[in-house]
Amino acid sequence: MIELQTFKSDLTKTRFAKNDKDPFNLNDGEISVKIERFAFTANNVTYGVAGETIGYWQFFPASEDPNNKWGCIPMWGFAEISHSRVEGLEVGERIFGYFPAANYLILNPAKIIDRSFSDGKDHRKELPPVYNNYVRLSGEENYDSSMDNIRALLFPLHVTAFCLCDALQDESYLGASQIIIISASSKTAIGLAQGLADKNDAPKIIGLTSASNSDFVTSLGCYDEVITYDELDQVDCSQGSVMVDMAGNRDILGTLH
Numbered sequence: 157m158i159e160l161q162t163f164k165s166d167l168t169k170t171r172f173a174k175n176d177k178d179p180f181n182l183n184d185g186e187i188s189v190k191i192e193r194f195a196f197t198a199n200n201v202t203y204g205v206a207g208e209t210i211g212y213w214q215f216f217p218a219s220e221d222p223n224n225k226w227g228c229i230p231m232w233g234f235a236e237i238s239h240s241r242v243e244g245l246e247v248g249e250r251i252f253g254y255f256p257a258a259n260y261l262i263l264n265p266a267k268i269i270d271r272s273f274s275d276g277k278d279h280r281k282e283l284p285p286v287y288n289n290y291v292r293l294s295g296e297e298n299y300d301s302s303m304d305n306i307r308a309l310l311f312p313l314h315v316t317a318f319c320l321c322d323a324l325q326d327e328s329y330l331g332a333s334q335i336i337i338i339s340a341s342s343k344t345a346i347g348l349a350q351g352l353a354d355k356n357d358a359p360k361i362i363g364l365t366s367a368s369n370s371d372f373v374t375s376l377g378c379y380d381e382v383i384t385y386d387e388l389d390q391v392d393c394s395q396g397s398v399m400v401d402m403a404g405n406r407d408i409l410g411t412l413h
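Here it is, written out as structure tokens:
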């Protein structure tokens with residue numbers, strides 16, 4: 157198997173490496189999948205930046221790396237089962253989920269149901285379940301293959317957005333009167349705003365964005381108010397607020413505080 161590896165301390169350095177595992181010689185309980193396509197975005201770069209602190213390097217350990225200096229940045233995409241030694245998972249079945257940038261991956265399916273399964277490999281058992289889950293497209297109602305590229309691109313960001321939305325609702329929005337979303341034009345911010353706008357009990361949703369993106373963000377219709385960065389004095393800081401910062405700009409945070 158061939159995989160694209162990234163130098164952990166300098167993400168601009170990459171190499172192709174051969175994995176000594178044979179995707180056609182499986183043990184009982186294993187499947188090999190041929191990776192068809194995946195999306196590579198700024199979101200994947202954050203996996204590399206936070207690889208050590210959050211554990212993204214642990215999902216797909218790099219081969220030919222005795223000094224632990226190289227890693228495989230995870231990607232979201234699609235694959236087809238090429239070989240199987242798992243009852244009920246047949247050759248030719250397609251799945252969607254978390255993969256390395258490689259041509260093949262060997263998985264140990266666990267918790268198998270019609271719609272999905274998890275990878276049960278030992279090194280992934282303590283990692284967040286959302287990244288270990290694989291969707292079985294054959295069991296997905298209304299699956300549309302023409303949307304594969306868009307799904308690979310946007311699904312992981314919307315998962316994050318909706319998790320944030322659910323967390324805020326579970327905490328009763330921390331008693332806030334307004335939710336301020338910084339970098340309102342970002343994909344994760346839009347997903348969060350969309351989720352909040354669908355909640356009847358959500359507070360006012362304020363989107364902060366650049367002047368050049370103001371019309372676009374307003375046109376989305378999921379923000380109650382859109383304020384540009386050069387008009388931060390329009391934010392009513394006397395109201396109890398929750399700030400969701402997608403930008404990490406200290407100047408903006410300092411002004412609002």
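Numbering (this note's numbering), first residue to last: 157 to 413. Glycine included, every Cβ here is placed at the ideal spot set by N, Cα and C.
Check                                                                                            : Outcome
Identity of the residue in G207, E192, H413 nearest N199 by Cα                                   : G207
Straight-line Cα distance separating D357 from D392                                              : 20 Å
Inter-residue spacing [alpha-carbon to alpha-carbon] between A147 and N175                       : For residue 147 there is no data in the structure shown, the boundaries of the chain being 157 and 413.
Within the stretch 356-406, ranges of the beta strand (DSSP E) (whole runs, at least 3 residues) : 360-365, 381-384, 397-401
Environment of N288 [buried if 16+ CB atoms lie within 10 Å]                                     : buried
Assumed close pair S328, Y260 - CB separation to whole angstroms, cut-off 8 Å                    : Actually they are not in contact, since the Cβ atoms of S328 and Y260 sit about 47 Å apart, beyond 8 Å.
Proximity of Y254 and P230 at Cβ, strictly below 8 Å                                             : yes
Contact belief for I336 with M399 at Cβ below 8 Å, rounded distance in angstroms                 : 5 Å
Where P157 sits in the DSSP three-state scheme                                                   : As written in the sequence, residue 157 is Met, which differs from the Pro given in the question. Of the three classes helix, strand and coil, the one that applies to M157 here is coil, per DSSP.
Of the listed residues L310, E282, S333, nearest to S394 (C-alpha basis)                         : S333
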